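Okay, so here's the structure we're looking at.
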Ligand SMILES: C[S@@+](CC[C@H](N)C(=O)[O-])C[C@H]1O[C@@H](n2cnc3c(N)ncnc32)[C@H](O)[C@@H]1O
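In our numbering, the protein residues as written are 790 to 1037.
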């Protein structure tokens, strides 16, 4: 396999990969449940508030479900570019029928489909933005800002890379201590598996660069609201009011 080839779409639209991934859903839910809960808690709503949020790269809807459960009167728009992930998602979202809809949207283009409302109360993403090349991460954050209602929040749970090799080694050592099986898996990858893994993570970038994209888009209140090794939740708010223009 050509390791420079971007097989991102090929992976996410592979029936076999998506079904294998769905079979591991229980373990992924256990590992991430707390993080998705924090993502939801960071939103500035009261439990009974009525609002609509967008989950970008929602996959099978795990993060969205957590937020729908925290706010029983909220509604979700789940966007993803993979019909295969959406099909599995519709099965997993069955208990939330009537409170969500899926929209097909490829974030690698700036062409937002009309099915996504022009104004959104909140936007979240979970482990999807790292699949985009940098110019699209930056573009996406600006597009999210433009669609958020004044005062609306964007929160992203994602993985980041380290620029300092000591930091990278510390993350890896600590992760291996928590999950010795992961270290063994990494050591025994076939060349094909290694190429696929590296390609899968090829757009992962440092945290500081992503925070700069948020600031450049106009967000305020930017912070890393949660962090564990290379996993982070960061985000910011669209100002509640636009700065007054100076009269001439
Ligand atoms: C690791 S999964 C995360 C899914 C879900 N958000 C979660 O946390 O369980 C990444 C998701 O991003 C989607 N994705 C990757 N690239 C995308 C793109 N260019 N446009 C839209 N979705 C994309 C994939 O189809 C997949 O559903």
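Note that the Cβ used here is the ideal one computed from N, Cα and C, for glycine as well.
Bear in mind that the values here come from a model prediction, so they are computed numbers and not experimental data.
Original post:
Relative to the alpha-carbon of residue 957, which residue among 819, 946, 876 and 993 has its alpha-carbon at the smallest distance?
Top reply: Translated into positions along the chain shown, residue 957 becomes position 168. The shortest C-alpha separation from residue 957 is found at 993.
Original post:
Is residue 968 helix, strand or coil when you go by DSSP?
Top reply: By one-based count along the chain shown, residue 968 stands at place 179. Correct three-state label for residue 968: coil.
Original post:
Can you give, in chain order, each stretch of the alpha helix (DSSP H) that sits fully within the stretch 794 to 846 and has at least 4 residues?
Top reply: 797 to 801, 804 to 812 and 814 to 830
Subject >> Bridge partner(s) assigned by DSSP for residue 869 >> reply: The residue labelled residue 869 in the question sits at position 80 within the chain shown. The partner list for residue 869 (beta bridge, DSSP) reads 893.
Original post:
Is there contact here, the stretch 904 to 921 with the stretch 832 to 850, by at least three beta-carbon pairs under 8 angstroms?
Top reply: yes
**OP:** Measure the Cβ-Cβ separation of residue 964 and residue 973 and say whether it is below 8 angstroms.
**Re:** The residue labelled residue 964 in the question sits at position 175 within the chain shown. The residue labelled residue 973 in the question sits at position 184 within the chain shown. In this structure, residue 973 does not lie closer than 8 angstroms to residue 964 by Cβ.
**OP:** Given a cut-off of 8 angstroms, decide if residue 1021 and residue 912 are closer than it, judged by their beta-carbon atoms.
**Re:** Numbered from 1 along the chain shown, position 123 holds the residue referred to as residue 912. Numbered from 1 along the chain shown, position 232 holds the residue referred to as residue 1021. No, Cβ-Cβ distance for residue 912 and residue 1021 is not below 8 angstroms.
Original post:
Candidates 976, 979 and 996: which alpha carbon is nearest residue 953's?
Top reply: The residue you call residue 953 lines up with position 164 of the chain shown. Among 976, 979 and 996, the Cα nearest to that of residue 953 belongs to 996.
Original post:
Taking the C-alpha atoms as reference points, what is the distance between residue 909 and residue 942?
Top reply: For the purposes of this step, residue 909 is identified with residue 120 of the chain shown, where counting begins at 1. For the purposes of this step, residue 942 is identified with residue 153 of the chain shown, where counting begins at 1. Whole-angstrom Cα-Cα distance: 9 angstroms.
Original post:
Could you check where the beta strand (DSSP E) with residue 1002 kicks off and where it finishes?
Top reply: Numbered from 1 along the chain shown, position 213 holds the residue referred to as residue 1002. Not the beta strand (DSSP E): residue 1002 falls in the alpha helix (DSSP H), residues 996 to 1006.
Original post:
Just to confirm, are residue 889 and residue 857 a CB contact at a threshold of 8 angstroms?
Top reply: Translated into positions along the chain shown, residue 889 becomes position 100. Translated into positions along the chain shown, residue 857 becomes position 68. Against a cut-off of 8 angstroms, the Cβ pair of residue 857 and residue 889 comes out as a contact.
Original post:
Would you say residue 1024 and residue 831 are within 8 angstroms of each other, going by their C-beta atoms?
Top reply: Residue mapping note: residue 1024 aligns to position 235 of the chain shown, counting from 1. Residue mapping note: residue 831 aligns to position 42 of the chain shown, counting from 1. Yes; because the gap between Cβ atoms is below 8 angstroms, this pair is in contact.
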